[in-house]
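Heads up, the thing below is written out as structure tokens.
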Amino acid sequence: MKNFIQSFLFLAVFVPCKFHAQIEISKEKEIKNTESIADTTPKKQRPERKNVDGSTEVYFSSAWSSSYRKLIPNEDFLPKELGIRADEAPLKIWSYGVGFRSYVHKHIVFEGGLSLLRNGESYSFKGEDSTFTSKSIYTYVSVPIRLQYVIGDQIRFFAGGSFFPEIINRYKETSEWTNSKNETKSIVSKDKQALNSMVFSAGLNAGVQAKLGKYMSVFVMPEYRWQLTSSYTKLNYYKHFARVFSVNFGLIYQL
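The letter at position 100 of the sequence shown is residue 99 when you use numbering that gives the first Met the number 0, and the numbering goes up by one with no holes.
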């Protein structure tokens, strides 16, 4: 009887403890396996901002310009004094463009595009009983080429040079006057025969580009452009070279 009681007590104490220990070991194995699976599961990473190197951007721009000209007698033909044209003044005018910008290096950008470039000059005279005003506008289709050095990330600063092959698209000269009877008259000329069909210009520029998000930016770029070849043909009394200071601004989208 005594042996039976001892056996019963042994089973009552040892077996539950062993069973409990097995449960604890199983739980620990399960936790370790879960942690191992969690470690091997790839973590979802936040998308990184696109790298600048090798990237391409497209831009849309407008340019406010103060345009003037260098006008000299044509010594190769029949030179003529400038006369009242010496009193011409700068003309305020707008131009527009689209294009692409390619980062060939982290700090080097090549830019090409298609622009509607406009320049011109104006004249105004006011007498005691009469007035006279005129303005000439030269419109060119241009393929601007720029090479710029860039620094910065969210805000980028850049500077560089530019070259402009330009094909004449339109010419418009508007003259308006009043006489002593206070009558107003005007005349418009669109004759392009005295103009070269193509001219070339060069420029210097500097500006800033600010990112609005992952892909979108805005930019402002002052630029000075001077015409290398004359607007007028060889059989003209003068040689005409545009001089234009412009402020370009617009949107850039990174592809």
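We treat Cβ as the ideally placed atom computed from N, Cα and C, and that holds for glycine.
Nearest-angstrom Cα separation, counted from residue j out to residue i
i	j	result
serine 114	aspartate 190	22 Å
methionine 215	proline 164	29 Å
tyrosine 122	glycine 212	46 Å
lysine 184	tyrosine 139	29 Å
proline 221	tyrosine 58	16 Å
methionine 197	isoleucine 136	16 Å
phenylalanine 109	leucine 254	15 Å
glutamate 56	proline 89	34 Å
isoleucine 186	isoleucine 154	49 Å
alanine 209	leucine 250	10 Å
arginine 169	serine 188	11 Å
aspartate 86	valine 243	18 Å
isoleucine 316	arginine 100	Outside the displayed span of the chain (0 to 254) sits residue 316, for which this structure offers no information.
threonine 173	glycine 119	11 Å
glutamine 147	valine 103	11 Å
serine 175	glycine 151	Sequence check: residue 175 is glutamate here, not serine. Rounded to the nearest angstrom, the two C-alpha atoms are 50 Å apart.
glutamate 182	asparagine 195	36 Å
phenylalanine 199	isoleucine 167	11 Å
Where residue i falls, given that 16 or more other Cβ within 10 Å makes a residue buried
i	result
arginine 224	buried
phenylalanine 156	exposed
lysine 134	buried
tyrosine 252	exposed
leucine 77	exposed
glycine 98	buried
alanine 62	buried
serine 66	buried
valine 207	exposed
phenylalanine 218	buried
Three-state secondary structure (DSSP) of residue i
i	result
glycine 212	coil
alanine 193	coil
glycine 126	coil
proline 46	Low local confidence applies: a pLDDT of 45 at proline 46 is under 50, so the model's placement there is unreliable, and no value is given.
lysine 238	strand
Identity of the residues DSSP links to residue i by a beta bridge
i	result
glycine 112	Gly98
leucine 250	Phe59, Val217
glutamine 147	Val108, Gly159
Beta-carbon gap between residue i and residue j smaller than 8 Å
i	j	result
alanine 158	asparagine 204	yes
glycine 111	valine 149	no
serine 230	serine 94	no
alanine 201	leucine 227	yes
histidine 239	arginine 68	yes
serine 64	isoleucine 92	yes
serine 129	serine 179	yes
threonine 232	alanine 193	yes
tyrosine 236	lysine 79	yes
phenylalanine 248	serine 60	yes
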